[in-house]
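Asks: In my numbering, the protein residues as written are 753 to 1147. Positions of the beta carbon are idealized from the N, C-alpha and C atoms, including for glycine. Structure provided below as structure tokens; questions to follow.
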Ligand SMILES: Cc1cc2nc3c(=O)[nH]c(=O)nc-3n(C[C@H](O)[C@H](O)[C@H](O)COP(=O)(O)OP(=O)(O)OC[C@H]3O[C@@H](n4cnc5c(N)ncnc54)[C@H](O)[C@@H]3O)c2cc1C
């Protein structure tokens, strides 16, 4: 089967890997001019980690990633007010865990298919037409082509979803925050393998020291207005961050000043995508395009890989009946994704507390996580689930 996959992110490349292994002919289409670099850091664990193990990429992920030791909440004087050792996470998970750049995860996955799977960079699917012979797919710049199946793996703001299922507003559930991330070279100070975070009511700024003297900064702030646009340019994004964080203490004035020299700034709404159906005829959605859980779940990349693995496996099991494969994929995964979304939205109200009291309470509770029952209460339900990764026979 010829399968067009829009988006060479986490989900798209994982799907291409497994479809290729099952003997199909995936073609990846990516709007960026080449593999994307930089971006934010993701914690990678759970079923996605198991899929990565099967793909043989874990050694590379460990090499490019970090074994974060501590999450530290600080006050305006920089002194520790709360936080926890990540031992509590690895103990609860009882499995692998690594933190790495999202782009390094995507590159490691893409390396497994580079040279084997056709990839069209710098383009996007722009039209999808069904007929008796399959799908006629149009691109922005390349000539249209025929495929048997089309997959939207193009993230939160999926173009394939919009083309086949309707406008984003119908499916986007805004969680009340805006998020921004960027990297700086040579920022002082550094705290190795420690995620340092400072909060004031409704606003939080965090930094993580990386290799090669780089530091990643993550800004999250409450904004009740989802329509309050996401600036299209880097200059607009910097201005929005100056507006939102201009009077925040701690190292914030220094970080905002240093931000002026930053390269690409990631900026978006913190939202989920909630749908009752991920398939329409021969079109199917995976990853954030289908069921974005948001950064609050801390597992979106692992879930995106899980969805790709299951979709390819169900597709292979269904043999000639591709549509049945798509249906089984959705039946197997929808309950898991819905549970993850519910857990993340429950957590949303306390992610960046609204008041000084809320921040103090969060700091205090986080310090109690050295006690296993408290850790189980606060993290256990978020980290564990009832889903088992199915085993599929690969040639
Ligand atoms: C700040 C932040 C922190 C996060 N932290 C974590 C974490 O700790 N742990 C975790 O597991 N997850 C985390 N996530 C979530 C995780 O990044 C996503 O769930 C994951 O990247 C989803 O993978 P995906 O392949 O579906 O989408 P993406 O990784 O977004 O990939 C989509 C791809 O499609 C391409 N694309 C987009 N539009 C088009 C188009 N029209 N045509 C062609 N190509 C297109 C994009 O360029 C991109 O390459 C975080 C997210 C954010 C924003």
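If you draw a straight line from the C-alpha of residue 936 to the C-alpha of residue 988, how long is it?
Replies: Position 184 of the chain shown, counted from the first residue, corresponds to residue 936. Position 236 of the chain shown, counted from the first residue, corresponds to residue 988. Between residue 936 and residue 988, the C-alpha separation is close to 18 Å.
Asks: Rounded to whole angstroms, what's the CA-CA distance from residue 924 to residue 918? Just pull it up for me.
Replies: Residue mapping note: residue 924 aligns to position 172 of the chain shown, counting from 1. Residue mapping note: residue 918 aligns to position 166 of the chain shown, counting from 1. Residue 924 and residue 918: Cα-Cα distance of roughly 11 Å.
Asks: Who are residue 902's beta bridge partners in DSSP?
Replies: Counting from 1 along the chain shown, the entry for residue 902 is found at position 150. DSSP, once it has assigned bridges, lists 756 and 1035 as partnering residue 902.
Asks: Considering only C-alpha positions, which residue in the set 1037, 910 and 813 is nearest to residue 857?
Replies: Indexing the chain shown from 1 puts residue 857 at position 105. The shortest Cα separation from residue 857 among 1037, 910 and 813 belongs to 813.
Asks: Any heavy atom of ligand 1 inside 7 Å of the beta-carbon of residue 769?
Replies: Counting from 1 along the chain shown, the entry for residue 769 is found at position 17. False, no ligand heavy atom lies under 7 Å from that Cβ.
Asks: Can you name, in chain order, every residue of its own chain whose Cβ lies under 6 Å from the Cβ of residue 1114, other than the five neighbours on each side?
Replies: Looking up residue 1114 in the chain shown gives position 362. Same-chain partners within the cutoff: 1105.
Asks: Among 880, 1117, 1052 and 1015, which one has its Cα closest to the Cα of residue 789?
Replies: Working through the chain shown from its first residue, we reach residue 789 at position 37. Ranking 880, 1117, 1052 and 1015 by Cα distance to residue 789 puts 1015 first.
Asks: To the nearest whole angstrom, what separates the beta carbons of residue 1038 and residue 767, a pair I think is in contact under 8 Å?
Replies: One-based indexing of the chain shown puts residue 1038 at position 286. One-based indexing of the chain shown puts residue 767 at position 15. 6 Å between Cβ atoms; contact.
Asks: Looking at ligand 1, does it come within less than 7 Å of residue 763, judged from the CB to the closest heavy atom?
Replies: By one-based count along the chain shown, residue 763 stands at place 11. Because some heavy atom of ligand 1 lies under 7 Å away, the Cβ of residue 763 counts as near it: yes.
Asks: Under 7 Å: does the beta carbon of residue 782 sit that close to some heavy atom of ligand 1?
Replies: As a working mapping, residue 782 is identified with position 30 in the chain shown. True, at least one ligand heavy atom lies under 7 Å from that Cβ.
Asks: Which whole runs of the alpha helix (DSSP H) in the stretch 974 to 1040 are 4 residues long or more, in chain order?
Replies: 986 to 997 and 1004 to 1011
Asks: Between the beta-carbon of residue 877 and the beta-carbon of residue 758, is there less than 8 Å?
Replies: Here residue 877 corresponds to residue number 125 of the chain shown, with the count starting at 1. Here residue 758 corresponds to residue number 6 of the chain shown, with the count starting at 1. It is a contact, given that the beta carbons lie within the stated cut-off.
Asks: DSSP beta-bridge partners for residue 1051?
Replies: For this step, residue 1051 is matched to residue 299 along the chain shown. In the DSSP output, where bridge partners are listed per residue, residue 1051 has none listed.
Asks: How far does the alpha helix (DSSP H) with residue 1092 in it extend, from its first residue to its last?
Replies: Locating residue 1092 in the chain shown gives position 340, counting from the first residue. Per DSSP, residue 1092 belongs to the alpha helix (DSSP H) from 1074 to 1103.
Asks: Taking its Cβ as the centre, do 16 or more other Cβ atoms sit within 10 Å of residue 976, making it buried, or is it exposed?
Replies: Position 224 of the chain shown holds residue 976. With fewer than 16 other Cβ atoms within 10 Å, it is exposed.
Asks: Is any non-hydrogen atom of ligand 1 found closer than 7 Å to the C-beta of residue 760, if you look at the structure I gave you?
Replies: The residue given as residue 760 occupies position 8 in the chain shown. Yes, the Cβ of residue 760 comes within 7 Å of a heavy atom of ligand 1.
Asks: Determine, using beta-carbon pairs with one atom in the stretch 806 to 824 and one in the stretch 842 to 855, whether at least three such pairs fall under 8 Å.
Replies: A contact exists between the stretch 806 to 824 and the stretch 842 to 855.
Asks: Could you check the C-alpha separation between residue 899 and residue 889 for me, to the nearest Å?
Replies: In the chain shown, residue 899 corresponds to position 147, counting from 1. In the chain shown, residue 889 corresponds to position 137, counting from 1. Whole-angstrom Cα-Cα distance: 7 Å.
Asks: Rounded to whole angstroms, what's the CA-CA distance from residue 943 to residue 961? Just pull it up for me.
Replies: Taking the first residue of the chain shown as position 1, residue 943 is located at position 191. Taking the first residue of the chain shown as position 1, residue 961 is located at position 209. So the alpha carbons of these two residues sit roughly 6 Å apart.
Asks: When the Cα atoms are used, what is the spatial distance from residue 1005 to residue 1088?
Replies: Here residue 1005 refers to the residue found at position 253 when the chain shown is read from its first residue. Here residue 1088 refers to the residue found at position 336 when the chain shown is read from its first residue. The straight-line gap from Cα to Cα measures roughly 42 Å.
Asks: By Cβ distance, which residues of its chain are closer than 8 Å to residue 1131, with the 5 residues on each side in sequence left out?
Replies: Position 379 of the chain shown holds residue 1131. Result list for residue 1131: 840, 841, 844 and 1121, in chain order.
Asks: Measure the beta-carbon distance from residue 869 to residue 778 and round it to whole angstroms, keeping in mind my assumption that it falls under 8 Å.
Replies: For the purposes of this step, residue 869 is taken as residue 117 along the chain shown, with counting starting at 1. For the purposes of this step, residue 778 is taken as residue 26 along the chain shown, with counting starting at 1. Approximately 5 Å separates the beta-carbon atoms of residue 869 and residue 778; this is inside 8 Å, confirming the contact.
Asks: Tell me where the beta strand (DSSP E) around residue 780 begins and ends.
Replies: Working through the chain shown from its first residue, we reach residue 780 at position 28. Segment 777 to 782, the beta strand (DSSP E) holding residue 780.
Asks: Give a yes or no on whether the C-beta atoms belonging to residue 994 and residue 973 are separated by under 8 Å.
Replies: Against the chain shown, residue 994 aligns to sequence position 242. Against the chain shown, residue 973 aligns to sequence position 221. No, the pair does not count as a contact, with Cβ atoms beyond the cut-off.
Asks: What does DSSP give as the partner residue(s) for residue 920 in the beta ladder?
Replies: Here residue 920 refers to the residue found at position 168 when the chain shown is read from its first residue. According to DSSP, which records beta bridges pairwise, residue 920 is partnered with nothing at all.
Asks: Starting from the C-beta of residue 1166, find all residues in its chain whose C-beta is less than 6 Å away, skip the five residues before and the five after it, and write them out in chain order.
Replies: Residue coverage of the chain in this structure runs from 753 to 1147, which leaves residue 1166 outside it and unanswerable.
Asks: Please say whether residue 1057 and residue 1042 have beta carbons closer to each other than 8 Å?
Replies: Along the chain shown, read from residue 1 onward, the residue named residue 1042 stands at position 290. Along the chain shown, read from residue 1 onward, the residue named residue 1057 stands at position 305. No, the pair does not count as a contact, with Cβ atoms beyond the cut-off.
Asks: In the DSSP assignment, what residue or residues form a beta bridge with residue 853?
Replies: Residue 853 sits at position 101 when you count from the first residue of the chain shown. In DSSP, residue 853 forms a bridge with 793.
Asks: Within its chain, find whatever has a CB closer than 7 Å to the CB of residue 833; leave out the 5 residues flanking it on each side and keep chain order.
Replies: On the chain shown, position 81 is the one that residue 833 refers to. Closer than 7 Å at Cβ, skipping near neighbours: 825, 826, 827 and 1115.
Asks: Tell me which same chain residues have a C-beta within less than 6 Å of the C-beta of residue 795, skipping the five on either side of it?
Replies: The sequence position of residue 795 within the chain shown is 43, counting from 1. Counting only Cβ-Cβ distances below 6 Å, and skipping sequence neighbours, we find 851 and 1050.
Asks: Measuring CB to CB, does residue 959 end up less than 8 Å from residue 968?
Replies: As a working mapping, residue 959 is identified with position 207 in the chain shown. As a working mapping, residue 968 is identified with position 216 in the chain shown. Their beta carbons are under 8 Å apart, which means residue 959 touches residue 968 by this criterion.
Asks: Tell me, to the nearest whole angstrom, how far the beta carbon of residue 782 is from that of residue 805; I am working on the premise that it is less than 8 Å.
Replies: As a working note, residue 782 is residue 30 in the chain shown. As a working note, residue 805 is residue 53 in the chain shown. With a Cβ gap of about 25 Å, residue 782 and residue 805 do not count as contacting.
Asks: If you draw a straight line from the alpha carbon of residue 1081 to that of residue 1012, how long is it in whole angstroms?
Replies: What you label residue 1081 is simply residue 329 of the chain shown in a count that begins at 1. What you label residue 1012 is simply residue 260 of the chain shown in a count that begins at 1. So the alpha carbons of these two residues sit roughly 45 Å apart.
Asks: Look at residue 908 and residue 1091 and say whether their C-beta atoms are less than 8 Å apart.
Replies: Numbered from 1 along the chain shown, position 156 holds the residue referred to as residue 908. Numbered from 1 along the chain shown, position 339 holds the residue referred to as residue 1091. No, they are not a contact pair.
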